[in-house]
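In what follows, a single structure is set out as structure tokens and then discussed.
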Amino acid sequence: MQIVRYRIEYKEMWDSFIDSARNSHFFFKRDYLEYHSNRFKDYSLLIFNKKKLISILPANIDNNILYSHQGLTFGGLILNRDIKTIQILEIFELLYNYLKDNSIVKMIYKSIPYIYHRMPSEEDRYALFRLNAKLIRRDISSTIALSSEFKYSKLRRRVINRAKRESLEIVKSDNYREFWRVLREILRVKYRVSPVHSLEEIEYLASRFRDNIKLYIVKRDYRILAGTIIYENRDIVHTQYLANSIEGKEIGALDLLIDYLITNIYRDKRYFDFGISTENGGRYLNSGLISQKEGFGARGVVHDFYELEIV
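Below is the structure:
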């Protein structure tokens, strides 16, 4: 086996591998990874076995620490369909020695949650255990298994039924600018923070990944009351951003939108994921936020972070 650092000439091979891998996401593709290349120094790796690409690791480096990748929600070792446990253990041993030879002192590894696996792919956690990696963070995301039985809480149903009596229109939109205005104001007032992406970044990403990134909004008299930016990845739907104006909250606009997406647009998908409700490295749980998500029938999926000392 051989490890090679990513170079531009590998772009087509890299992206093709993402399409066929057994655990992957569209945001591992190079056009997504490189939109914020000015903030993260890329250190992505390709692993070959007799000239055949068998695995890749989206990664960046900072102060001699390798991260799998700081610009992404998660992003561990991505595997082809044929690779087996013994080979994956060999990859981690090879990776450990490669990092040591290149004066990297630590690896922070974010494993890919199982809902993004096309087939079971948790051999990496076993390999990290054998190398004495430490679990340093665990976030909890809330996900609806759309193919299984789930039900809304009485409160969610009551809010949705109330919203259905209002004169609201749900549409798929390209008006990211106006949605961003609503989102920024909500985040500023409620949390004193800004969106992770700038408007220009999300517009660029939406233009590059039209099949994956979509905006749905709730309108009344041409005004946006609520909306969500959806990340579609094969049979998984994730609400990357959710926004609900003061007026929208009063009449249940966002609840109506989520119900519409779950029961109409995405009813044939496997999972509908709301994202995490944790802060402070997973130590603090926003109980109000997770309760709202669980009111739609969502339940917990963990996002694990590991630290591997290279000594």
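No gaps in the numbering here: position 124 of the sequence shown is 124 in our numbering, and each next residue is one more. In this text, a Cβ means the ideal position worked out from N, Cα and C, and glycines have one as well.
TODO: With a threshold of 16 other CB atoms inside 10 Å of the CB of Met107, please say whether the residue is buried or exposed.
DONE: Classification for Met107: buried.
- [ ] Just the C-alpha distance for Thr85 and Ile140, rounded to the nearest angstrom, thanks.
- [x] Pairing Thr85 with Ile140, the inter-Cα distance amounts to about 27 angstroms.
Open item on the list: Pull the bridge partners of Leu242 from the DSSP assignment, please.
Closed with: The beta-bridge partner set that DSSP reports for Leu242 consists of Thr228.
TODO: Assuming Lys110 and Ser68 form a contact by the criterion Cβ under 8 angstroms, report the distance between their Cβ atoms to the nearest whole angstrom.
DONE: 5 angstroms
Task: alpha helix (DSSP H) segment containing Tyr260, residue limits - done: Per DSSP, Tyr260 belongs to the alpha helix (DSSP H) from 253-260.
Open item on the list: Our contact map puts Lys269 next to Val301 with C-beta atoms below 8 angstroms; I'd like the distance itself, whole angstroms only.
Closed with: Not a contact, Cβ separation roughly 15 angstroms.
Task: Spatial distance of Arg220 from Glu169 (CA atoms) - done: Distance between the alpha carbons of Arg220 and Glu169 is about 6 angstroms.
Open item on the list: Is it the case that the segment 74-81 contacts the segment 273-283, given that we only count it when at least three CB pairs across the two stretches are under 8 angstroms?
Closed with: no
- [ ] List the endpoints of the continuous beta strand (DSSP E) containing Ile310.
- [x] Segment: none, Ile310 is in no beta strand (DSSP E) and carries neither H nor E.
TODO: Compare the Cα-Cα distances from Tyr222 to each of Phe179, Asn286, Leu95 and report the closest residue.
DONE: Checked all of Phe179, Asn286, Leu95; the closest Cα to Tyr222 is Phe179.
- [ ] Note down the Cα distance separating Ile144 from Asn212, rounded to an integer number of angstroms.
- [x] 19 angstroms
Open item on the list: I need the boundaries of the alpha helix (DSSP H) containing Tyr330, first residue and last residue.
Closed with: The displayed coordinates of the chain run from 1 to 311. Any statement about residue 330 would go beyond what the structure contains.
TODO: Quick one: which unbroken alpha helix (DSSP H) runs of 4-plus residues sit fully inside the segment 260-305? Chain order, please.
DONE: 287-294
TODO: For the segment 157-219, list the beta strand (DSSP E) runs that are entirely contained and at least 3 residues long, ordered along the chain.
DONE: 169-173
Open item on the list: By the DSSP assignment, the beta strand (DSSP E) with Ala127 in it spans what residues?
Closed with: Careful: Ala127 lies outside any beta strand (DSSP E), inside the alpha helix (DSSP H) at 123-130.
Open item on the list: Counting beta carbon pairs with one atom in the segment 6-20 and one in the segment 37-48, are three or more of them shorter than 8 angstroms?
Closed with: yes
TODO: Tell me where the alpha helix (DSSP H) around Tyr32 begins and ends.
DONE: From DSSP, the alpha helix (DSSP H) with Tyr32 extends over 30-33.
Open item on the list: Helix, strand or coil for Ser20? Go by DSSP, reduced to three states.
Closed with: helix
TODO: Have a look at His36 and Val196 and give me their C-alpha separation to the nearest angstrom.
DONE: For His36 and Val196, the distance between alpha carbons rounds to 11 angstroms.
- [ ] State yes or no: is the C-beta of Arg125 within less than 8 angstroms of the C-beta of Gly295?
- [x] Cβ atoms of Arg125 and Gly295: not closer than 8 angstroms.
Task: Coil, strand or helix - Phe48 by DSSP - done: Here Phe48 sits in strand by DSSP.
Task: Three-state secondary structure assigned by DSSP to Leu155 - done: helix
Task: Closest residue to Leu113 among Ser245, Arg22, Asn161 (Cα-Cα distance) - done: Reading off the sequence, residue 113 comes out as Pro, not Leu. Selected option, being the one with the closest Cα: Arg22.
Task: Cutoff 6 angstroms; reference Leu256; Cβ partners in own chain excluding five residues on either side - done: Ile160, Ala163
Open item on the list: Taking the beta carbon of Val218 as the centre, do at least 16 other beta carbons fall within 10 Å, making it buried, or is it exposed?
Closed with: Val218 is buried by the Cβ-count criterion.
- [ ] Please name the residue or residues paired with Gln2 in a DSSP beta bridge.
- [x] Phe48
Task: Reduced DSSP category for Asp221 - H, G, I as helix; E, B as strand; rest coil - done: coil
Open item on the list: Within 10 Å of its beta-carbon, does Ile18 have 16 or more other beta-carbons around it, so buried, or fewer, so exposed?
Closed with: buried
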